[in-house]
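Each residue of the sequence shown is one higher than the one before, starting from 0 at the first, in numbering that gives the first Met the number 0. Reading through the structure tokens given below for one structure.
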Amino acid sequence: MSWTRIPDEFPDASWDRSDAALRLHLAGLIYSNRLLTDGRIPKSRIAALVPRYRPAALRELVDAGWWADRGDSIEILHDLQHQATAAEVRKRRADTAARVARWRAEHA
């Protein structure tokens with residue numbers, strides 16, 4: 000399982016974002032972390048991130064510099080530095096699996 004990290008300062012940086020944009024941003028971070036995309040989301044998946052998707056929310060995030068339009072995908076820029084990279088998550092998972100396998104072998 001991966002985790003999405005939101006810094007304590009997040010509310011202070013969010014005052015001028017709409018509720019729809021904040022929901023989309025958080026859903027995008029969670030999607031990216033769950034699927035280990037390092038902040039990249041295919042544009043074809045954006046509307047499915049939130050129940051009541053509003054294209055204006057996507058425009059707001061791009062215009063504010065929180066997200067960047069990369070052609071066929073969107074790249075999350077804001078808060079990405081607080082997230083583990085896909086490589087870090089995979090390494091942590093592999094280390095955990097090896098540790099569990101050693102423990103099971105020792106206690107079989």
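Just so you know, even glycine gets a beta-carbon here, dropped at the ideal spot from N, CA and C.
Quick one: give me the first and last residue of the beta strand (DSSP E) that Pro6 is part of. Counted from its first residue, the sequence shown places residue 6 at position 7. Per DSSP, Pro6 belongs to no beta strand (DSSP E) and is neither H nor E.
Considering only residues of the stretch 17-92, which uninterrupted alpha helix (DSSP H) runs meet the minimum length of 4 residues and lie entirely inside it, listed in chain order? Runs of the alpha helix (DSSP H) inside the stretch 17-92: 18-34, 42-45 and 54-62.
Run the proximity test for Leu34: is its beta-carbon closer than 7 Å to any non-hydrogen atom belonging to the ligand GTP? As far as ligands go, the structure on display features none, and thus does not contain the ligand GTP.
Which same chain residues, not among the five before or five after Val61, have their C-beta less than 8 Å away from its C-beta? Residue mapping note: residue 61 aligns to position 62 of the sequence shown, counting from 1. Result list for Val61: Ala67, Asp68 and Ile73, in chain order.
Whether or not the stretch 27-40 and the stretch 76-95 are in contact is what I'm after, with contact meaning three or more pairs of Cβ atoms, one per stretch, closer than 8 Å; do they touch? Yes, since at least three Cβ pairs between the stretch 76-95 and the stretch 27-40 fall closer than 8 Å, the two stretches touch.
Three-state secondary structure (DSSP) at Asp94? As a first step, residue 94 must be located in the sequence shown, where it is residue number 95. Asp94 falls in the helix class under three-state DSSP.
Between the C-alpha atoms of Arg89 and Thr36, what's the straight-line distance to the nearest angstrom? If you number the sequence shown from 1, residue 89 lands on position 90. If you number the sequence shown from 1, residue 36 lands on position 37. So the alpha carbons of these two residues sit roughly 12 Å apart.
So is Glu87 buried or exposed if we call it buried at 16+ other beta carbons inside 10 Å? Here residue 87 refers to the residue found at position 88 of the sequence shown. Under the 10 Å beta carbon count, Glu87 is surrounded by fewer than 16 other beta carbons and is classified as exposed.
Out of curiosity, what's the CA-to-CA distance linking Ala47 and Ala55? Sequence index remark: in the sequence shown, residue 47 carries index 48 (1-based). Sequence index remark: in the sequence shown, residue 55 carries index 56 (1-based). Answer to the nearest angstrom: the Cα atoms are 15 Å apart.
Candidates Lys42, Leu25, Arg39 and Trp102, of which the one nearest Thr3 by Cα: To locate residue 3, count along the sequence shown from 1; it is residue 4. Comparing Cα-Cα distances from Thr3 to each of Lys42, Leu25, Arg39 and Trp102, the minimum goes to Leu25.
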